[in-house]
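Number of protein chains: 2
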Amino acid sequence: MKEKAKILIANDDGFQAKGLQKLTDLMRQIGDVMVVSTEQPMSAKSHSMTIREPLRVNLLERDTDYVKYVCNGSPVDCVKIGYQYFMKEKPDIVVSGINHGSNASTNVVYSGTMAAVIEACMDGIPAVGFSLDCYDPDACFDHLDNYIIGFTKKVLDEGLPDGVCLNVNFPAFSEEGIKGIKTCRQAKARWSEKYERRVDPFGRDYFWLTGEFIEQDSEENTDVKALNNNYVSVVPIQYDWTAYNVLDKFKTWEI
Amino acid sequence: MKEKAKILIANDDGFQAKGLQKLTDLMRQIGDVMVVSTEQPMSAKSHSMTIREPLRVNLLERDTDYVKYVCNGSPVDCVKIGYQYFMKEKPDIVVSGINHGSNASTNVVYSGTMAAVIEACMDGIPAVGFSLDCYDPDACFDHLDNYIIGFTKKVLDEGLPDGVCLNVNFPAFSEEGIKGIKTCRQAKARWSEKYERRVDPFGRDYFWLTGEFIEQDSEENTDVKALNNNYVSVVPIQYDWTAYNVLDKFKTWEI
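The listed protein sequences correspond, in order, to chains A and B.
The number in my numbering is simply the position in the first sequence, starting from 1, with 931 added.
The number in my numbering is simply the position in the second sequence, starting from 1, with 931 added.
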């Protein structure tokens, strides 16, 4: 690890989120930190990018080893403009979060926190997303300090395999405490959703999405199981989405 | 294949896109069609969902075998509300596109067209995304008719493996004609981007993203190579992003 690591932080819960503040405090113990945060909460914005509207970035705070910007775009926009325009070079690591809410299982597909991580990974930057299995805006993050510093230092020291980033999820604080770390696969699960139809004061319909997370996986080696059993879950994530195990099946198709 | 397939169409280029109209015309030759289109062009909106603002949906056209809605949300919102609220049951297939522009390689990560497909796949619905390697709003799609009908009928007949959907990309029209179909893997590539800084009439900075697609893959069996050689590329895509080949590496990590 270099003397002073160059660390870029992104998130999707907005610049005032408690999880972002915690991650910033921890990273400042390790290196020089640039935060580029979303202006608004951007949960479920996935890998969206801003290409039809101009991006705006404002400086919020600056110190000798630290600078914090807020950007009107998505988490992916924040990462891109963070190192490509403001940092002028690639950081040693991108960390994202700490998200208020789990990004285990298929939540990774919808997550802005993890999209920021995947974006960095696509450009060859080691990257880790941290999420807490608790949606409370005032959630306790204090039981994560050693884990988050540990993961970050480890990735700075050893790097990550080409095309791979990490999705790290933590159990919510409990008296029982965290039992340990499990490297797992992404659990099979889905959101069972309904649309609630309402009528606005002008007589026009509108819809709200409501949903419930349904686990569909009975095996033990998944991130959801790890979290439910009070372990930290670590899933290595790749952005090559090719389903290699069925490639040959389609080669025989005649269209 | 059933007598009359139930087909849901989504897209990310807006309800007036030529590619959407072509896909609708083709699907009406095969089955009963519901289109739920985005109101605005939504390229690069990836798997984003609307959860903080209400969704609005308007009926645009209706016939005995056909209905077209327009929705103010993302392509993923369109698919979800399409079958969960308006169709009231799962369609036999979700098709998305025809996108104006390639979704080969890592473009799949940013693509709204493919996010609609992946969303359907996550809920167990066979789904295919169709994209043309040409961004022209007035692009010619007429060389694709037999392929698109062929792929759709094949998927309706045979289904798709669990957790897998298809990313089908077509070469732009050329006198030479399409040479055939290749089943391939997602090419390694990235966007090399810059932010152009401008100053608005009020003296405030804003940024536009500009970029260039850089292929980083020298092998032959990729979707980009197939397209460049005038073949249709077919990549089976999975939403389990676990990097299984490096799972064991992280099990030895001590944090």
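Yeah, the Cβ is synthetic: ideal placement off N, Cα and C, and Gly gets one too.
Every value quoted in this text rests on a predicted model; they were computed, and no experiment measured them.
inquiry  = Please give me, in chain order, every unbroken run of the beta strand (DSSP E) with length at least 3 that falls completely inside the stretch 1036-1075 of chain B.
reply    = The qualifying runs are 1058-1063.
inquiry  = Would Ser977 of chain A and Gly1060 of chain A be called neighbours here (beta carbons separated by less than 8 angstroms)?
reply    = Locating residue 977 of chain A in the first sequence gives position 46, counting from the first residue. Locating residue 1060 of chain A in the first sequence gives position 129, counting from the first residue. Cβ atoms of Ser977 of chain A and Gly1060 of chain A: not closer than 8 angstroms.
ask   = In three-state terms, what does DSSP make of Glu992 of chain B?
value = For the purposes of this step, residue 992 of chain B is taken as residue 61 along the second sequence, with counting starting at 1. Three-state DSSP puts Glu992 of chain B in a strand.
task = Please list the residues of the stretch 981-1006 of chain A that have a C-beta atom closer than 8 angstroms to any C-beta atom in chain B, keeping them in chain order.
result = Thr981, Ile982, Arg983, Pro985, Leu986, Arg987, Val988, Ser1005
query = CA-CA distance, Asp1093 of chain B and Ala936 of chain A?
reply = Numbered from 1 along the second sequence, position 162 holds the residue referred to as residue 1093 of chain B. Numbered from 1 along the first sequence, position 5 holds the residue referred to as residue 936 of chain A. Each residue's Cα considered, the two are about 43 angstroms apart.
message = Taking 8 angstroms as the cut-off, does the stretch 1168-1179 of chain A touch the stretch 1133-1141 of chain A (at least 3 CB pairs, one atom from each stretch)?
response = no
task = Determine the burial state of Val1130 of chain A: buried for a count of at least 16 other Cβ atoms within 10 Å of its Cβ, exposed for fewer.
result = Here residue 1130 of chain A is taken as the residue at index 199 of the first sequence, counted from 1. Per the 10 Å Cβ criterion, exposed.
query = Would you say the beta carbon of Leu1075 of chain B comes nearer than 7 angstroms to a heavy atom of the ligand GDP?
reply = Absence of the ligand GDP from the depicted structure is noted, as is the absence of any ligand whatsoever, leaving it without description.
key: Reduced DSSP category for Ala1101 of chain B - H, G, I as helix; E, B as strand; rest coil   = For the purposes of this step, residue 1101 of chain B is identified with residue 170 of the second sequence, where counting begins at 1. Checking the sequence shown, residue 1101 of chain B turns out to be Phe, not Ala. In this structure, Phe1101 of chain B counts as strand in the three-state DSSP scheme.
key: Three-way DSSP call (helix, strand, coil) for Pro972 of chain B in this model   = Taking the second sequence and counting its residues from 1, the one referred to as residue 972 of chain B is at position 41. Coil at Pro972 of chain B, not helix or strand.
ask   = DSSP on Tyr1078 of chain B, reduced to helix/strand/coil?
value = To locate residue 1078 of chain B, count along the second sequence from 1; it is residue 147. In this structure, Tyr1078 of chain B counts as helix in the three-state DSSP scheme.
Own chain residues within Cβ distance below 6 angstroms of Val1001 of chain B, not counting five before or after = Your numbering for residue 1001 of chain B matches position 70 in the second sequence. So the list reads Phe946, Ser968, Glu970, Asn989, Leu991, once near-sequence residues are dropped.
query = What is the C-beta distance between Ser1036 of chain A and Asp1154 of chain A, in whole angstroms, given that I count them as a contact (C-beta under 8 angstroms)?
reply = Translated into the one-based positions of the first sequence, residue 1036 of chain A becomes position 105. Translated into the one-based positions of the first sequence, residue 1154 of chain A becomes position 223. So it is a contact: roughly 6 angstroms between Cβ atoms.
ask   = With 16 other CB atoms within 10 Å as the buried threshold, where does Lys999 of chain B fall?
value = Position 68 of the second sequence, counting from 1, holds the residue named residue 999 of chain B. Lys999 of chain B should be labelled buried.
query = For Arg1121 of chain B, which residues does DSSP report across the bridge?
reply = One-based indexing of the second sequence puts residue 1121 of chain B at position 190. Paired residues: B:Ile1145.
request  = Report buried or exposed for Lys953 of chain B, applying the criterion of at least 16 other Cβ atoms within 10 angstroms of its Cβ.
outcome  = For this step, residue 953 of chain B is matched to residue 22 along the second sequence. The Cβ neighbour count for Lys953 of chain B, taken over all protein chains shown within 10 Å, is at least 16; the residue is labelled buried.
ask   = Taking Thr955 of chain B as the reference, which of B:Glu1150, B:Glu1020, B:Asp994 has the closest Cα?
value = As a working note, residue 955 of chain B is residue 24 in the second sequence. When each option's Cα is compared against that of Thr955 of chain B, the closest is B:Asp994.
message = Just checking: is the beta-carbon of Phe1082 of chain A within a distance shorter than 8 angstroms of some beta-carbon in chain B?
response = Residue numbering aside, residue 1082 of chain A sits at position 151 when the first sequence is read from its first letter. For Phe1082 of chain A, the answer is yes, since a Cβ of chain B falls inside 8 angstroms of its Cβ.
key: Whole-number beta carbon distance between Asp944 of chain B and Pro972 of chain B, since they are thought to touch under 8 angstroms   = By 1-based counting over the second sequence, the position of residue 972 of chain B is 41. By 1-based counting over the second sequence, the position of residue 944 of chain B is 13. Contact holds; Cβ gap of about 5 angstroms.
task = Would you verify that the beta carbon of Phe1061 of chain B is, or is not, closer than 8 angstroms to some beta carbon of chain A?
result = Along the second sequence, one-based indexing puts residue 1061 of chain B at 130. By this cut-off, Phe1061 of chain B is not an interface position.
ask   = Listed from N- to C-terminal order along the chain, which residues in the stretch 1160-1181 of chain A have their beta-carbon within a distance smaller than 9 angstroms of any beta-carbon of chain B?
value = Val1163, Val1165, Val1166, Pro1167, Ile1168, Gln1169, Tyr1170, Asp1171, Trp1172, Thr1173, Ala1174, Tyr1175, Asn1176, Val1177, Leu1178, Asp1179, Lys1180, Phe1181
ask   = Do you know offhand how far Val1086 of chain A's Cα is from Pro1057 of chain A's?
value = Taking the first sequence and counting its residues from 1, one reaches residue 1086 of chain A at position 155. Taking the first sequence and counting its residues from 1, one reaches residue 1057 of chain A at position 126. If you take the alpha carbons of Val1086 of chain A and Pro1057 of chain A, they lie about 7 angstroms apart.
request  = Return no unless some Cβ of chain B is closer than 8 angstroms to the Cβ of Val1010 of chain A.
outcome  = The residue labelled residue 1010 of chain A in the question sits at position 79 within the first sequence. No, because no Cβ of chain B sits closer than 8 angstroms to the Cβ of Val1010 of chain A.
ask   = Is Thr1173 of chain A closer than 8 angstroms to Arg1116 of chain B when the C-beta atoms are compared?
value = Sequence index remark: in the second sequence, residue 1116 of chain B carries index 185 (1-based). Sequence index remark: in the first sequence, residue 1173 of chain A carries index 242 (1-based). Result yes, Cβ atoms of Arg1116 of chain B and Thr1173 of chain A sit closer than 8 angstroms.
task = Verify the CB distance criterion: does Thr969 of chain B have a CB-CB separation below 8 angstroms to chain A?
result = For the purposes of this step, residue 969 of chain B is identified with residue 38 of the second sequence, where counting begins at 1. Closer than 8 angstroms: no.
Minimum Cβ-Cβ distance from Phe1138 of chain B to chain A less than 8 angstroms = Working through the second sequence from its first residue, we reach residue 1138 of chain B at position 207. Chain A, which has a Cβ nearer than 8 angstroms to the Cβ of Phe1138 of chain B, makes this yes.
Ala1157 of chain A, enclosing beta strand (DSSP E) - first and last residue = In the first sequence, residue 1157 of chain A corresponds to position 226, counting from 1. Careful: Ala1157 of chain A lies outside any beta strand (DSSP E), inside the alpha helix (DSSP H) at 1154-1159.
query = Relative to the alpha-carbon of Lys1050 of chain A, which residue among A:Asp1008, A:Cys1065, A:Leu1063 has its alpha-carbon at the smallest distance?
reply = The residue given as residue 1050 of chain A occupies position 119 in the first sequence. The displayed chain sequence assigns Glu, not Lys, to residue 1050 of chain A. Comparing Cα-Cα distances from Glu1050 of chain A to each of A:Asp1008, A:Cys1065, A:Leu1063, the minimum goes to A:Asp1008.
query = Nearest to Glu984 of chain B by CA position, among A:Leu1140, A:Val1163, A:Ile1024, A:Glu1146, is which residue?
reply = As a position in the second sequence, residue 984 of chain B is number 53, starting the count at 1. Closest option to Glu984 of chain B, Cα to Cα, is A:Leu1140.
message = Just to make sure I have the definition right: I need the residues of chain A whose C-beta is within less than 7 angstroms of the C-beta of Lys1019 of chain B. Which are they?
response = Position 88 of the second sequence, counted from the start, is the residue given in the question as residue 1019 of chain B. The contacting residues do not exist; Lys1019 of chain B stays about 11 angstroms from chain A at best.
inquiry  = Alpha carbons only, please: which of B:Arg959, B:Asp1069, B:Ile938, B:Ser974 is nearest the one belonging to Lys1021 of chain B?
reply    = Against the second sequence, residue 1021 of chain B aligns to sequence position 90. Of B:Arg959, B:Asp1069, B:Ile938, B:Ser974, the residue nearest in Cα terms is B:Ile938.
message = Less than 8 angstroms between the beta carbons of Phe1072 of chain B and Val1099 of chain B, yes or no?
response = Residue numbering aside, residue 1072 of chain B sits at position 141 when the second sequence is read from its first letter. Residue numbering aside, residue 1099 of chain B sits at position 168 when the second sequence is read from its first letter. No. Outside cutoff.
query = According to DSSP, is Ile982 of chain A helix, strand or coil?
reply = Residue mapping note: residue 982 of chain A aligns to position 51 of the first sequence, counting from 1. The answer is coil: DSSP assigns Ile982 of chain A none of H, G, I, E or B.
task = Apply the 10 Å Cβ neighbour rule to Thr1114 of chain A and answer buried if 16 or more other Cβ atoms are within range, or exposed otherwise.
result = Working through the first sequence from its first residue, we reach residue 1114 of chain A at position 183. Buried: at least 16 other Cβ atoms inside 10 Å.
ask   = Based on Cα-Cα distance, which residue from B:Ser1164, B:Ala941, B:Cys1065, B:Trp1122 lies nearest to Leu1178 of chain A?
value = As a first step, residue 1178 of chain A must be located in the first sequence, where it is residue number 247. When B:Ser1164, B:Ala941, B:Cys1065, B:Trp1122 are compared, the shortest CA-CA separation from Leu1178 of chain A is found for B:Ser1164.
ask   = Does the distance from the CB of Val1026 of chain B to the CB of Ile940 of chain B come in under 8 angstroms?
value = Sequence index remark: in the second sequence, residue 1026 of chain B carries index 95 (1-based). Sequence index remark: in the second sequence, residue 940 of chain B carries index 9 (1-based). In this structure, Ile940 of chain B lies closer than 8 angstroms to Val1026 of chain B by Cβ.
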